[in-house]
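Novice: One line per chain: the protein sequences are A and B, in this order. Counting from 1, position 38 in the first sequence corresponds to residue 38 in my numbering; the numbering is continuous, with no gaps. Throughout, my numbering is defined as the position within the second sequence, counted from one, plus 1000.
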Amino acid sequence: MMTAVRSNQPKKLHPHKFTLWVAMGSICMMFAALTSAYIVKRNQGIWEDVSFPKMFYYSTVVIIISSITIHIALKAFKARERNRYKFFITLTVFLGVLFALLQWIGFKELTNSGIKLLGAGSNAAASFLVVIIGLHTLHVLGGIIALIVAFFRAFSKKTINYNTTSIEIVATYWHFVDLLWIYLFIFLAWIK
Amino acid sequence: MSNEAVLHTPSSYAVHDDHAHDHHHHETFITKYVFSQDHKMISKQFLITGMVWALIGGLLSVLFRLQLGYPDSKFPWLQDLLGKFWVEDGRITAQAYYALVTTHGTVLIFFVLTAGLSGTFANFLIPLQIGARDMASPFMNMLSYWFFFAASCVMFSSLFVETGPFSGGWTAYPPLSALGQASPGSKTGMDLWLISMALFVVSTLLGGLNYVATVLNMRTKGMSMTRLPLTIWALFFTAVLGILTFPVLFSGFILLIFDRNFGTSFYLSDLYVNGTVLPNEGGSAILYQHLFWFLAHPEVYIVMLPAMGMVSEILSINSRKPIFGYIAMVGSLFAITCLSLLVWAHHMFVTGLNPFLGSIFVLFTLLIAVPSAIKVFNWLTTLWRGNIRFTPAMMFAIGFVSLFISGGLTGIWLGNSALDIHLHDTYFNIAHFHLVMGVASFFGMFAGVYHWYPKMYGRQLNNTLAYIHFWVTMIGAYLIFWPMHYEGLAGMPRRYYDYSIWESFKQFAELNRFISTVVIIVFATQFLFLFNFFYSIFKGRKATNPNPWGANTLEWTTPIHPGHGNWPGEIPEVHRWAYDYGKDDREFIPQTEPVGANESHH
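(1) Does the Cβ of Asn161 of chain A lie closer than 7 Å to at least one heavy atom of the ligand ATP?
(2) Less than 8 Å between the CB atoms is what I'm expecting for Phe1250 of chain B and Met24 of chain A, so what's the real figure, rounded?
(3) List the whole-angstrom C-beta distance separating Gly143 of chain A from Trp174 of chain A, where the pair is believed to meet the contact cut-off of C-beta under 8 Å.
(4) Once DSSP output is grouped into helix, strand and coil, what is the label at Arg1133 of chain B?
(5) Go to Glu1587 of chain B, then tell me how far its beta strand (DSSP E) extends in each direction, as first and last residue.
(6) Beta-carbon within less than 6 Å of Phe187 of chain A's beta-carbon, same chain only, minus the 5 sequence neighbours each way: which residues are those?
(7) For Asn161 of chain A, which residues in the same chain have their Cβ closer than 8 Å to its Cβ, ignoring the five residues on either side in sequence?
(8) Using the Cα positions of Gln1067 of chain B and Leu1511 of chain B, report the straight-line distance between them to the nearest angstrom.
(9) Please confirm whether Trp1344 of chain B and Phe1266 of chain B have their CB atoms less than 8 Å apart.
(10) Restricting to Cα atoms, I'd like to know which of B:Gly1569, B:Ala1543, B:Thr1553 and B:Ser1177 is closest to His1561 of chain B.
(11) If I follow the unbroken beta strand (DSSP E) through Tyr173 of chain A, where does it start and stop?
(12) Ala1296 of chain B CB to nearest chain A CB: under 8 Å?
(13) State the DSSP-derived secondary structure class of Glu1313 of chain B, mapped to helix, strand or coil.
(14) Please state the DSSP three-state secondary structure of Leu1465 of chain B.
(15) Anything in the region 105–131 of chain A with a Cβ closer than 7 Å to a Cβ of chain B? List those residues in chain order, please.
(16) When you check each C-beta in the region 11–23 of chain A against every C-beta of chain B, which residues fall closer than 8 Å?
(17) Is it buried or exposed for Tyr1000 of chain B, if we count other Cβ within 10 angstroms and need 16 for buried?
(18) Using a Cβ-Cβ cut-off of 8 Å, state whether Leu135 of chain A counts as contacting chain B.
(19) According to a CB-to-CB cut-off of less than 9 Å, which residues of the region 63–77 of chain A neighbour chain B?
(20) Counting only beta-carbon separations shorter than 8 Å, does Ile27 of chain A have a partner in chain B?
(21) Please report the Cβ distance between Asn1217 of chain B and Phe176 of chain A, rounded to the nearest whole angstrom; I am assuming they are in contact, meaning their Cβ atoms lie under 8 Å.
(22) Taking the continuous beta strand (DSSP E) assigned at Gly1408 of chain B, which residues delimit it?
(23) Taking Leu1554 of chain B and Gly1058 of chain B to be in contact with their CB atoms under 8 Å, please state how far apart those CB atoms are, rounded to whole angstroms.
(24) In angstroms with no decimal places, state the Cα-to-Cα distance between Gly1415 of chain B and Gly1169 of chain B.
(25) Three Cβ pairs or more, each shorter than 8 Å: is that satisfied between the region 1116–1123 of chain B and the region 1182–1189 of chain B?
(26) Taking all protein chains shown into account, decide if Val1518 of chain B is buried (16 or more other Cβ within 10 angstroms of its Cβ) or exposed.
(27) Is the beta carbon of Ala1328 of chain B less than 8 Å from the beta carbon of Ile1286 of chain B?
(28) Within 10 Å of its beta-carbon, does Ile145 of chain A have 16 or more other beta-carbons around it, so buried, or fewer, so exposed?
(29) Is there a Cβ of chain A sitting closer than 8 Å to that of Gly1565 of chain B, yes or no?
(30) For His1024 of chain B, I'd like the list of residues in its chain whose CB is within less than 6 Å of its CB, leaving aside the five on either flank, ordered along the chain.
(31) Would you kindly report the start and end of the unbroken alpha helix (DSSP H) that includes Tyr57 of chain A?
(32) Less than 8 Å between the C-beta atoms of Phe1253 of chain B and Ala1198 of chain B, yes or no?
(33) Out of B:Lys1455, B:Pro1138 and B:Ser1269, point me to the one whose CA is closest to Met1178 of chain B's CA.
(34) Please list the partners that Lys41 of chain A has in chain B, where partner means a Cβ-to-Cβ separation under 9 Å.
(35) Where do the N-terminal and C-terminal ends of the alpha helix (DSSP H) with Lys1583 of chain B fall, by residue?
(36) Determine the closest residue to Ser1406 of chain B out of B:Tyr1145, B:Asp1584, B:Glu1281 and B:Met1484, with distance taken between C-alpha atoms.
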């Protein structure tokens, strides 16, 4: 019914996809607010520059690769190459978890070098990293949950789904958190 | 239709079956009335929850007006009723007074005039007026309500905490909101306030995403954007504003939560509380104000725009005339939406803001007067020489225009940073925003309820009660807020507990008593509306005409009791704009009617 009904409509974005785009705009506003708060705060003095941990460079590479793998997974899904799709969706889940892990290690690195992130005596410069990067990681974790759902669907023996909408939505969101991280990375590592 | 493809729940309605109604009997009570995914039911849930909150919020204002109007009187019976935290020795305690003011503001702005107003009417009108079966995502829509409900429960529970609800003002400025030791209300009450508001932001975003996606994607055939009724335009811009600004508030809250619970110093610096020095260093309380007002100024338009949209629609229908300047109306809505994002710092003129920056914000603030004036002009010209039917909805719509003018003019005063030095934080400000945004939006909401009630419940409200409700509320609103301008011009500051100890404000003792008395009368009158509303759901006069007001829009082409899916058969096609009233000697021409061969152009 779906294809039959949709074919006589001009090519329109699926409402769920559209909703995702609006939601991504909304998330952008949240991070725009945080990064502008960062700029405002930095210009008000009592600001201790924090060296950006090496680990975040590695995590950047990981999330960029994961964007490529999910793109391949989506292409495989559309081409109905089930096994290729299964492999790459699994790889993406793995890379996503690795990214979150690397972020965690990055903060460990920071605290080990004697920087107080939270609590008495902490500087807003370091606390901002926790809030901004932490919030981004939460958004990545949300994407991982969606990926895991896709993963279980891919390996389900009961039903085989050829509808690309949900996997396209997951992929778009995944590219979005990737781009968002690249923005935050450039902002926090270089522009500051 | 693409929207049918989305709603792949064939159990809830049968699109191709003319007897769709008959298939509803297997819906259980839970799926129909509680966890409903039908936008009409969700809108009623928003409305009734909003009404409960309006009642609570209004009652809170009656309590603090008792203190302001009768500072020397004692109310031992109130102490028996509310307990020692709220009333001691028969007087409202200072702590309770601040808690009352704070909760009154939070509840009315967010829970009543945001969730209760746009939650109700965006849900109800968007699918019905654009010709859609339901929202883009009915499930998210349901979640939106339940997040609001959860937020409501948390906020309500904060009223019963031993240390009281949050008491630092609805704006929740740090350090009062960030430090538990700052005041009793900053303890558990503030924690609950923050949790509740976070849930509320989620609810608003889920709702807003849906509204935008639905308006842009799910319009029926022929319903181009320029054929949309103004209600939809207004609700659309409202949703866009919410989506752009609530995340910013959320960011502000996240930093606040870190300051409260994780010892960071985003907003806190160099503080002494009760003799102890706090370790926080380098934070800026002004930063919070920037983040807060970036939402909270557009928030007043989130509150206003739905009322504007509904009023435009109701004025046109009941003047039996097309709306004057449709495109100008849409354009001014758009202009207001854009400008509202650029004026937040006019709430911060006296925080030490750079005067040069301040002057830019003055400019943008005063610019809002232009689209606002366009709207007022168009409403008045719509009424001009109209064949006016004074239905209760029409009365409230005209009342809205009156209040919007009265309250809007003082906005021009307050938008001047120089005048603001004298007027900020006075009763002048209270009078301004209550008239222009508080009462005016309430009037929009009342107008909407009176107008769309037959569509919501298939029955009519009682007109006599409605007219009494209108006149008492209308006159009462002016009697309450007009005198406050004088108090404010005399420099009487807002949020003070007791003015009788000030030599300069003793002269206002009787005026304050007068205001408080009117507040009690107006509050009591709202019970007429509540009675009318709930009584008529069950016993009201049954609507026999599916289009009782002779309106053009699509919602009146549905059956009197539309099922889930709204139209039993095909979704109607739209052939014209929504405002063909009094055209070619015909009283009204519904949007579904094809344009005739020899019809005149508008």
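Virtual Cβ for every residue (Gly too), placed ideally from N, Cα, C. Since the structure is predicted, the reported quantities are computational estimates derived from the model, not experimental observations.
Specialist: So, to answer that:
(1) This structure simply doesn't include the ligand ATP, nor any ligand for that matter.
(2) The Cβ separation is near 15 Å, so there is no contact.
(3) 5 Å
(4) coil
(5) Arg1586 to Phe1588
(6) Same-chain partners within the cutoff: Thr35.
(7) Arg153
(8) Between the C-alpha atoms of Gln1067 of chain B and Leu1511 of chain B there is a straight-line separation of about 13 Å.
(9) no
(10) B:Ala1543
(11) No beta strand (DSSP E) holds Tyr173 of chain A; the alpha helix (DSSP H) holding it covers Thr165 to Ile186.
(12) no
(13) helix
(14) helix
(15) Leu118, Gly119, Ala120, Gly121, Ser122, Asn123, Ala124, Ser127 and Val131
(16) Lys12, Leu13, His14, Pro15, His16, Phe18, Thr19, Val22 and Ala23
(17) Shown here, chain B extends from 1001 to 1602; a query on residue 1000 of chain B therefore has no answer.
(18) Interface residue, yes.
(19) none
(20) Interface residue (Cβ-Cβ distance to chain B less than 8 Å): Ile27 of chain A is classified as such.
(21) 19 Å between Cβ atoms; not a contact.
(22) Per DSSP, Gly1408 of chain B belongs to no beta strand (DSSP E); it is in the alpha helix (DSSP H), Pro1392 to Leu1414.
(23) Not quite, the Cβ-Cβ distance comes to about 34 Å (not below 8 Å), so this is no contact.
(24) 22 Å
(25) Fewer than three Cβ pairs drawn from the region 1116–1123 of chain B and the region 1182–1189 of chain B lie within less than 8 Å of each other, which leaves the two stretches out of contact.
(26) buried
(27) no
(28) It is exposed - the Cβ of Ile145 of chain A has fewer than 16 other Cβ atoms within 10 Å.
(29) With 8 Å as the cut-off, Gly1565 of chain B does not count as an interface residue toward chain A.
(30) Any answer about His1024 of chain B is weak, because its pLDDT of 49 lies below 50 and its placement is not dependable; what the coordinates show is given next. Within the same chain, His1024 of chain B has close Cβ partners Gly1563.
(31) That run of the alpha helix (DSSP H) goes Met55 to Lys78.
(32) yes
(33) The sequence as given places Ala at residue 1178 of chain B; Met does not occur at that position. When each option's Cα is compared against that of Ala1178 of chain B, the closest is B:Ser1269.
(34) Phe1266, Gly1282, Gly1283, Ser1284 and Leu1287
(35) Unbroken run through Lys1583 of chain B is the beta strand (DSSP E), Tyr1581 to Lys1583; no alpha helix (DSSP H).
(36) B:Met1484
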